[in-house]
Structures are given as structure tokens and as C-alpha cells.
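Protein chains: 2
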Amino acid sequence: MDYIIQSLLDTDFYKFTMGQVVFKEFRDVHVRYALRFRTKGVNLVDHIDIDELRYQLDLVRHFRFNNSDLHYLRGTNEYGERMFSEDYLDFLRNLELPDYTLSDSLDLEFRGPWSTTIYWETYALSIISELYYRGLLSKMSDFERDVIFAQGKVRLDDKIKKLRTRPGLTFSDFGTRRRFSRAWQEYIVKTLAEELPISQFLGTSNVQIAMDYGLVPMGTSAHEMYMGISGIMHGSDDEIRRSHNEVLKLWYKHYGKGLSIALTDTYGSDFFFRDMNREQAELWRGLRQDSGNPYIFGEKAIRFYNGYDIDPATKLIVFSDGLDVVTMINLYDTFTGRIQVTDGWGTNLTNDLGLPPISMVVKLIESNGHGTVKFSDNLAKAIGKPEDIERFKKIFGYDSTYSASCTY
Amino acid sequence: MDYIIQSLLDTDFYKFTMGQVVFKEFRDVHVRYALRFRTKGVNLVDHIDIDELRYQLDLVRHFRFNNSDLHYLRGTNEYGERMFSEDYLDFLRNLELPDYTLSDSLDLEFRGPWSTTIYWETYALSIISELYYRGLLSKMSDFERDVIFAQGKVRLDDKIKKLRTRPGLTFSDFGTRRRFSRAWQEYIVKTLAEELPISQFLGTSNVQIAMDYGLVPMGTSAHEMYMGISGIMHGSDDEIRRSHNEVLKLWYKHYGKGLSIALTDTYGSDFFFRDMNREQAELWRGLRQDSGNPYIFGEKAIRFYNGYDIDPATKLIVFSDGLDVVTMINLYDTFTGRIQVTDGWGTNLTNDLGLPPISMVVKLIESNGHGTVKFSDNLAKAIGKPEDIERFKKIFGYDSTYSASCTY
Chain A
30 MDYIIQSLLD TDFYKFTMGQ VVFKEFRDVH VRYALRFRTK GVNLVDHIDI
80 DELRYQLDLV RHFRFNNSDL HYLRGTNEYG ERMFSEDYLD FLRNLELPDY
130 TLSDSLDLEF RGPWSTTIYW ETYALSIISE LYYRGLLSKM SDFERDVIFA
180 QGKVRLDDKI KKLRTRPGLT FSDFGTRRRF SRAWQEYIVK TLAEELPISQ
230 FLGTSNVQIA MDYGLVPMGT SAHEMYMGIS GIMHGSDDEI RRSHNEVLKL
280 WYKHYGKGLS IALTDTYGSD FFFRDMNREQ AELWRGLRQD SGNPYIFGEK
330 AIRFYNGYDI DPATKLIVFS DGLDVVTMIN LYDTFTGRIQ VTDGWGTNLT
380 NDLGLPPISM VVKLIESNGH GTVKFSDNLA KAIGKPEDIE RFKKIFGYDS
430 TYSASCTY
Chain B
30 MDYIIQSLLD TDFYKFTMGQ VVFKEFRDVH VRYALRFRTK GVNLVDHIDI
80 DELRYQLDLV RHFRFNNSDL HYLRGTNEYG ERMFSEDYLD FLRNLELPDY
130 TLSDSLDLEF RGPWSTTIYW ETYALSIISE LYYRGLLSKM SDFERDVIFA
180 QGKVRLDDKI KKLRTRPGLT FSDFGTRRRF SRAWQEYIVK TLAEELPISQ
230 FLGTSNVQIA MDYGLVPMGT SAHEMYMGIS GIMHGSDDEI RRSHNEVLKL
280 WYKHYGKGLS IALTDTYGSD FFFRDMNREQ AELWRGLRQD SGNPYIFGEK
330 AIRFYNGYDI DPATKLIVFS DGLDVVTMIN LYDTFTGRIQ VTDGWGTNLT
380 NDLGLPPISM VVKLIESNGH GTVKFSDNLA KAIGKPEDIE RFKKIFGYDS
430 TYSASCTY
């Protein structure tokens, strides 16, 4: 009964918005997702029992979307009416997650049609994260464990007090994938919903928790859209370069203004700002910043909009890169009145109990038989085989050498 | 924290289907609902603390429909796509239940626009029922209380075993209003969903429990539709008589085939069968039987369809009058192959722990300034002022004298 994932809605909302586009456009494209563990000096195998991991992953494969899950998704209207179509909801009703491969050294991969493999990322990460921290807790005394939870509450209290000094600062929980535990994420979200006004704590990306607490399910889109489509449009340099803008077009075609927040750093934000055209800049509500220096990014975004004679104050930046409350307040103070700002707060929100954080991702590494690439505005977050990275650097004119190790 | 009603979805599904029609068609019609307690020899005041009742009713007035409640209703598609319109969902979002009047002798009434008073019935009944049984429990020893719950489980086990002898017998939980307690209803429904196949236990009328367990929210419609509209179309005998068929027309206009199960006994089923015309008999999926002798009713229904050259085997009867498992099995054995049968199982399902049942209703007694009438196929269930009952008997040609006291 010790399930980590207890419902297929225990995932990020954008898995469904992306999942629907993939289902409708690229259902049978073969892809490969792989776990990448980025924390130096930690060997996951020392902390996670492979059989337990296998057990938890297998449990997820036995879950199905139930009637109420589908009611909830069908009834989602925060980003536009009927955003999920009946054929997609039928597909979800019958979805069984594909099998995975897991080695004793904890190489974890998911291969198969993009339309079914896409869902594994968040479940797998939350399971690994929770098993890792369970492992740490199991080596502690009862009192040491008590202190961990006490520390988590004290830190949450400190966050809330600081946030109350900036009532105009808004944010959402984006912390499903690297949370301390399912129960702790739920506790955090419930507490924030009780302690802060709805005008400040806007919602959570976790669909199950949003449903359970009547909150808004929050989401944008992820790098995998760009990476997957680069493999599908793979060919000449020009075709690969064009695939970036195709993602923007496709997304807008499906969701219109409601979900028009563009992720900017897959091939570096400099390329992004060259690639997004005036019409798109006008139509899209805003941008998501997920790597590199957020202050520099904010200034670039303001210049970008000014360059098109668009008032930056009508546009929104969603900051989501390893935020903590001090950074959130600084960003808010820096940009308020100049461009709209909100925060997608992840690991430091849902996994801040005094234990060292770990950094890991599950990334789309191959699409349609081609290796994929992501640079970010921070090369420590780059994904891709060296030869692919070199080719994509030329294609996208990526010349930054900035690299800073990831805490999360 | 001892709330009986913990969510505004803790009600019967048909409150929303009826509520929407009322909202769209008769929003401002003034109505009066009143509690009628029908169990001889029991004085509610001896068992229920008026202040506690007031406290629980006041708590309900503080609840609001949250985002997820509305997602769920918006996503309901079991009876047709988009059955709840956005203007109705907006209305629910802002709904605050109107005030009530409650005397020390426990006369409880709800007066105001039909569109907001309609929701009180089920909340009020479940609260009174749970307070009554809490009162009985409070006078027992710990062991006596243990035995109550043990008895409830033994009886449920017996029901399930008997139902397994008839895998083709289908039923739903209709027992919200007179349940032993909220928690006990949830336990019953959860257990049935685990122990019986979904082809036999079809769902529950309780929207919150349906949502929590991924079940189908079940519902038809209630007497109050006929009663309310009789007051709105009040005038000549002919106008009052016509109001019955207007309800059928209105309901079909709003919900079409999906929800086309007609309640048959408001003015007696003999009148009903005279009033439903051939086209309606063909269009509507079936009938609900809620009073009188169900075997006689079933034979009448078969003759009714045969009279229109409609194959009764294509039509459905929903039995819902004080069912127990023996009656359900007898009805199933009697009618299988001749006409389709399913059961809406109420008090004997959700309140069968060995304590004496109580019989009570909250009924619409006045609409648009006129007293309303309901005969049922059992005069012990009749509602109305004597002079109104006499007039309506003539209008509807009601000549039955059958009366049998109600257990529930």
C-alpha cells in the first residue's frame, strides 16, 4: 500500500497539454527518454533499492485514468474552452504506460511512441526523488527525522513571511518532479493555499493536488516539444533551424492565447529572440525563463518587446529556474512596472527540509531516429551527443560559454 | 471541525440537473420548501439539539463551489456533452444558500427564489439524519456502538452475497439524504465498488462520492419539478393538468435522451400513463417508480408500451421506492426479459445498521404563491393542503385509496 504515485493525475499539467499535441500530430513517432543524474559526488545506487524502484514503476503501469480524472480534465477551462478533445480523453482512458528499461547501475530509459512515453518523465522523477529521501530518512534516528520535518516547516514559515512583504508577487508550485515526497508536496500546497491569498499563490502544476484542493492547474510547455520536433523535421540545417518556430506555430494553433507562454532557452535565448517574429511577439502572452541569468534575460526580453514597439508591461515572464524566495523577491523588485513577472517555484519549494538537494532530469534524447539537443542558457544543463551539440551550435548560432552547476 | 456537509457536491446529482432547468427557466419564482417528518412515535426534538442543527446548517451556507467542483460538473458527459452550461456554472460559483427558518419544535423551512432554495433539501436531510443517529449513538456504551458498525458490515456482506446470485441485476446508490452518516455512505459505496463489478454497481447519486471514487454520478429527476411547475402554470383545471406534460417537454428540451427517465407518481401513475403520449413513450428511455406496488407498476408499464406497439424490452424501469435486496431480486426475477430494470437503492443501503429507520422528506409545498400537491401511488406519501388535494384529485382523476406507512 506504500504507493508513491497514487493516481495518473499526480503529474504536471503540461504533460497533458503537450501530450494532446503529440497525440494529435506525432502519435507514432518513436522516441527515447533517459534519466540524467547531475549531482556530483552522489551515487543514486547507494541510496535506492533497484527492486523497490522497479516495484514503484510497475505500480504506475497498473493505474488507469478513472472517470473523475477525465471529468476534471474535460472540465478544464482556465486556458480556453474544451482544451482537451474527446478523442484525446478516450486515448487517456485506455492508456497504459509502456515498459521501461532499468539497469542495475540505474540507467533508466523509456522507448516507444512519443504519445505514450511522454507521461513517464514526471512519475519516474517523483518516484526516484521520494525513494532517495526515504533512503536518507531510514538511516536517521526518530529524533533526527522529527527535526527534518520541523526544519521543513520552519523554512516554509520563513518563505511565507517573506512573501507577505510583497503582496504583488505571484507564484505557482512547479515542484512535483523533485519533491521530497508526495505527502510533503501536498502539505506545502495546502498550507500555501490556506496562508496566502489566491491573488498571490496562483495554483500548482500538479493536477491531482489542484483537483483535491480546488486550485488552478498551472502549466506552460517543456523543452521536449522543441527537441522532439527537431527530430521529426530533421534534415538540412535550415530544416532543423525552422523546427523551433514550427513548435511555436503548432502550439498556438492548438491552444491559442490561453497557453501562449513560450519556453525560451532550448537553443539559447539569443536564438529565441531572433526567431520569434513580430506577429508572434504580439500574440503570445509571454515567455518562460528556465536557465542562465534571469536578470539579464529580463532586460533582454524588455529590449526585445521594445524593439517591436510592444509595451513590455503588457507581457509576462514566468521565471522557473531553480528559484528561491530571495531571488523571487529580487526579480519582482527589479521588474515590477517594467514587465509582468510570475514564478514557477520548484524544488526549493517542495524539497527544502535541510537535506541536500539532488539534480536530475528525464530528457527526450532521441526522436524519430535522431539525437536531440538542448543547450539552455547554461551549458551545465545541456543535453545531446557531442557531435549533435556541435552541429546544433552552428545551426542556432549558439556562442555562449556560460556554465554553472545546477543545484536542482 | 465536525462538519457533516464538507462540500457542496455532497448532494444528489439531480439537484444540479433540476437546478439548471430552474435557473434557466424559473430563476425568480418564489417557492417554499418544508421538512415533513413521517415516523410515528418519534419526536425529533428529543434526539436533535436545535443549536447543533443550526450550526450545521449555517456551515453549509459558508461553503462555495470550488474550481475542481466546477471542473467536475463541466466535464460530466455521461448523459450528453456539456450538459451544464457556463452561465449555470457561473451561477453555482457565486451561489450562497439562502437563509432558513427553524423553530424550537424543529419546523424547518426554506423560502426564496426556486433557483437557490432547491439545493437545501439534501443537505438538510443528511444533516438531520446524521444528527439523529449521532444522538442515538451517544446514549450507547462503547461496545454497543461497536456492535452497530459490526451489524452494518454483516448486513452489507449479506446484501453483496445475495446480489452475487444475480450478476445481471444492476443498481445505484440513491441513499444520500437519509444515510446513517456521510462517512458510512462513503464506506458503503467504496465497498460496493471494490466488491462488485462495474456492470452491477453502476454508480452513486452522490456527486462528491462519485468524484472521489471515479464512479458515474447517477440521477433522474424529482417530484419538485412537477410540483413547482404546477404553481407556475396555476389557473384553470386544464392549465394545471397540462403542467404535468410541460415538465416532460421541458426536461426533454434541456437534456434529450440522455436523462429521459420520467418520474411517474406525482399525480398517480394512472394519470401518468394517460398523459405520456406515443411520441414521448418512444423517445424517453424509461420510467422511475417511487411509490405503490412495484409489481403492479411493472405490469402497467409493459401494457402501456405494448399499447403503443413499443417493445417494452427496449425500455427501462428505475425502481426507487424503499428497496431492500429481497425486493430487488424479486423485481429482477419478475421482469427480466420483459422490460429492463435497474434500482436506485436508498435508505436500506446507506442506513442499515440495526437502528430503526426514520422517514422524512423536505418537499416543495408552495410555488409562485400556490400550494402544491403530490399524491404518489400511496396516500401515506401525499403532500398538500386538504383543499388543494381535493381539487387536484379531480383534475388528475386520482381515485386510488391505497395507503401504506413509509418505513423510510
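Quick mapping for you: the protein sequence lines, in order, are chains A and B.
Note that my numbering has the first sequence beginning at 30, numbered continuously upward.
Note that my numbering has the second sequence beginning at 30, numbered continuously upward.
Beta carbons are placed, not taken as given, at the ideal position from N, Cα and C, and that holds for glycine.
Exercise for the section: Starting from Thr233/B, trace the alpha helix (DSSP H) both ways and give me its first and last residue. Expected result: Bounds of any alpha helix (DSSP H) do not take in Thr233/B; it lies within the beta strand (DSSP E) bounded by Phe230 to Thr233.
Problem - Short Cβ contact (8 angstroms threshold) for Arg103/B with Arg270/A - result: no
Problem - Same chain only: Cβ atoms within 7 angstroms of Pro196/B, ignoring 5 sequence neighbours per side - result: Gln229
Handout entry: Asn96/A beta carbon less than 8 angstroms from that of Gly243/B
Key = yes
Practice task
Compare the C-alpha of Arg314/A against each of Ser289/A, Glu107/A and Glu275/A and name the closest.
Solution key: Ser289/A
Problem - Cα-Cα separation, Asn359/B to Gly327/B - result: 12 angstroms
Handout entry: Pair within 8 angstroms by beta-carbon distance, Gln309/B and Thr293/B
Key = No, the Cβ-Cβ distance between Gln309/B and Thr293/B is not below 8 angstroms.
Handout entry: Among Leu37/B, Arg83/B, Thr233/B and Asp116/B, nearest to Arg56/B - alpha-carbon criterion
Key = Asp116/B
Problem - DSSP three-state assignment for Ser201/B, whether helix, strand or coil - result: strand
Handout entry: C-beta atoms of Thr371/B and Tyr324/B nearer than 8 angstroms
Key = no
Practice task
Mind checking which residues open and close the beta strand (DSSP E) that includes Val347/A?
Solution key: Leu345 to Phe348
Practice task
Could you tell me whether the Cβ of Met240/B comes closer than 8 angstroms to any Cβ of chain A?
Solution key: yes
Handout entry: Identity of the residues DSSP links to Arg65/A by a beta bridge
Key = Val390/A
Handout entry: Three-state secondary structure (DSSP) of Val402/A
Key = coil
Handout entry: Distance between Gly285/A and Arg332/A (C-alpha atoms, nearest Å)
Key = 24 angstroms
Problem - Closer than 9 angstroms at the beta carbon, the chain A residues around Thr105/B - result: His100, Arg103 and Gly104
Handout entry: Where the beta strand (DSSP E) through Trp374/A begins and ends
Key = Gln369 to Trp374
Exercise for the section: Return helix, strand or coil for Met30/A, following the three-state DSSP convention. Expected result: With a pLDDT of only 46 at Met30/A, under the threshold of 50, the placement of this residue in the model should not be trusted; the figure read from the coordinates follows. Here Met30/A sits in coil by DSSP.
Exercise for the section: Could you round the C-beta distance between Arg208/B and Asn380/B to whole angstroms and report it? I think they count as a contact, below 8 angstroms. Expected result: 6 angstroms
Problem - 6 angstroms Cβ shell around Thr430/B - same chain, five flanking residues per side excluded - result: none
Handout entry: Contact under 8 angstroms by Cβ, Ser396/A with Met256/A
Key = yes
Exercise for the section: Can you tell me which of the three DSSP states Thr151/A falls into? Expected result: helix
Practice task
Taking only heavy atoms of the ligand FAD into account, decide whether any of them is closer than 7 angstroms to the Cβ of Ser259/A.
Solution key: The ligand FAD is not among the ligands present in this structure, which contains no ligands whatsoever.
Practice task
Can you give me the start and stop residues for the beta strand (DSSP E) that Tyr129/B sits inside?
Solution key: Tyr129 to Leu131
Practice task
With distances taken Cα to Cα, identify the nearest neighbour of Thr233/B among Ile33/B, Ile368/B, Phe203/B and Asp119/B.
Solution key: Phe203/B
Exercise for the section: Classify Phe333/B as helix, strand or coil using the three-state DSSP reduction. Expected result: helix
Exercise for the section: Just list the alpha helix (DSSP H) runs in the region 158-195 of chain B, keeping only unbroken ones of 4 residues or longer that don't cross its boundaries, in chain order. Expected result: Qualifying alpha helix (DSSP H) stretches, in chain order: 171-193.
Practice task
Answer with buried or exposed for Val50/B, where buried requires no fewer than 16 other C-beta atoms within 10 angstroms of its C-beta.
Solution key: buried
Exercise for the section: Kindly give me the distance between the Cβ atoms of His273/A and Tyr296/A, rounded to whole angstroms, as I take these residues to be in contact under 8 angstroms. Expected result: 6 angstroms
Handout entry: Simplified DSSP assignment, three categories, for Val50/B
Key = helix
Handout entry: Under 7 angstroms (Cβ pairs) to chain B, residues found in the region 268-287 of chain A
Key = none
Handout entry: Residue-level contact to chain A via CB, Leu244/B, 8 angstroms cutoff
Key = yes
Practice task
Look up Ser298/A in the DSSP assignment and say whether it is helix, strand or coil.
Solution key: DSSP places Ser298/A in helix when its eight states are reduced to three.
Problem - Within 9 angstroms of chain B by C-beta, residues of the region 212-241 of chain A in sequence order - result: Gly232, Ala239, Met240 and Asp241
Problem - Inter-residue spacing [alpha-carbon to alpha-carbon] between Leu37/A and Phe66/A - result: 24 angstroms
Practice task
Using 10 angstroms around the beta-carbon of Met30/A, count the other beta-carbons present and answer buried if the total reaches 16, otherwise exposed.
Solution key: Residue placement at Met30/A cannot be trusted, given a pLDDT of 46 that sits under 50; what the coordinates show is reported in the next sentence. Result: exposed.
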